Structures are given as C-alpha cells and as structure tokens.
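Here the structure is laid out as structure tokens; the discussion comes afterwards.
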Amino acid sequence: MEIAFSTKMLRDICESEVLAYQMFDADTAKSLIARLADLRAVDKVSQIPVGNPESIDRDGEKCIKIELARKELMIICANHSNNPMLSNNEVEWDKVSRIKICSIGEYDG
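So, in structure tokens, the structure goes:
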C-alpha cells in the first residue's frame, strides 16, 4: 500500500513513534502505530484486517474511517490520480492501493 499524508504534521506523527506518543494518549498512539503497520502490510484497502473500516462521506469525498482507541479515528481517502469508482459513484475500495491519511483524532461526522 502506498501511503501519503494530507499534511506534513500528519506525516511526522505517523513516521515517529515518539511524536505519536507526545500527541496522543498511550492507547491511541499504540493503536495508531499498529494500524499503520496493518496499512503497510496489505495491498488493498479492502484487506485491512482490524479497526472496523467503514466507508464514510467526508465533505463530499468518499473515505474510510478506521477506529484507533476510544473515540479516536484515522480517516483515509483513495489517492490515485483517477480513483477506481463503481457505477454508483462509490470508491471501489477493492482496487485502491494508494491512500492518503487525511486526519487522525476525534471525528464527529
């Protein structure tokens, strides 16, 4: 899986366990580190094994939310130059191999 980040800060947090533990409580940081390892280990979004991945609409963009700890979530979106889409205008997650981590934290959507 190819992973990009919506901000430099998100990239920094995801690339540094020390920073993850500084930014989040221990349970969330530990879960974030595990979910990132899961993302790196799979070829497609549909293969994510844990975190209860669920499709959501985020500001008009089709994304996936992945549970971390407590109310904390990771929001990821497809990041292909032309995202694979189904005829009903939903992302064809089984063909997504490039993602962007859009946010990490509480999600109220």
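Using my numbering, read the sequence shown as starting at 4 and increasing by one per residue. Glycine residues also receive a C-beta, built at the ideal position from the N, C-alpha and C atoms. Note that this is a predicted model, so its numbers are computed, not measured.
Checklist entry - Taking Cβ positions, are Lys47 and Ser84 nearer each other than 8 Å? => result Reading the sequence shown from its first residue, position 44 is the one you call residue 47. Reading the sequence shown from its first residue, position 81 is the one you call residue 84. The answer is no: Cβ separation not under 8 Å.
Checklist entry - Do you know how far the Cα of Ser49 is from the Cα of Trp96? => result As a position in the sequence shown, residue 96 is number 93, starting the count at 1. As a position in the sequence shown, residue 49 is number 46, starting the count at 1. Approximately 6 Å, taken between the alpha carbons.
Checklist entry - Where does Ala40 land, buried or exposed, given buried means 16+ other C-beta within 10 angstroms? => result For this step, residue 40 is matched to residue 37 along the sequence shown. Exposed, because fewer than 16 other Cβ atoms sit within 10 Å of the Cβ of Ala40.
Item to check | Closest by C-alpha distance to Glu57, when choosing among Met77, Ala44, Glu20 | outcome: On the sequence shown, position 54 is the one that residue 57 refers to. Taking the Cα of Glu57 as reference, the smallest distance to any Cα among Met77, Ala44, Glu20 is reached at Met77.
Item to check | Option nearest Asp28 by Cα separation, candidates Ile104, Leu71, Ser106, Gly63 | outcome: Working through the sequence shown from its first residue, we reach residue 28 at position 25. It is Leu71 whose Cα lies nearest to the Cα of Asp28.
Checklist entry - Ala44 to Glu5, Cα distance in whole Å? => result Mapped onto the sequence shown, residue 44 falls at position 41. Mapped onto the sequence shown, residue 5 falls at position 2. Rounded to the nearest angstrom, the two C-alpha atoms are 10 Å apart.
Item to check | Contact belief for Glu75 with Thr10 at Cβ below 8 Å, rounded distance in angstroms | outcome: Taking the first residue of the sequence shown as 1, we reach residue 75 at position 72. Taking the first residue of the sequence shown as 1, we reach residue 10 at position 7. The beta-carbon separation of Glu75 and Thr10, rounded to 17 Å, does not stay under the 8 Å limit for a contact.
Next on the checklist: If you reduce the DSSP assignment to three classes, tell me which class Ala7 lands in.
Outcome noted: Within the sequence shown, residue 7 is the residue found at index 4, counting from 1. DSSP places Ala7 in strand when its eight states are reduced to three.
Next on the checklist: I'd like to check one pair, Val21 with Lys65: are the Cβ atoms closer than 8 Å?
Outcome noted: Here the question's residue 65 lines up with position 62 in the sequence shown. Here the question's residue 21 lines up with position 18 in the sequence shown. Inclusion of Lys65 and Val21 in the CB contact set at 8 Å is not warranted, their separation being larger than that value.
Checklist entry - Taking just the CA atoms, how far does Ile79 sit from Asp60? => result Locating residue 60 in the sequence shown gives position 57, where the first residue counts as 1. Locating residue 79 in the sequence shown gives position 76, where the first residue counts as 1. The alpha-carbon atoms of Asp60 and Ile79 are separated by roughly 11 Å.
Item to check | Sheet register partners of Leu76 (DSSP bridge) | outcome: Looking up residue 76 in the sequence shown gives position 73. Partner(s): Glu70, Gly108.
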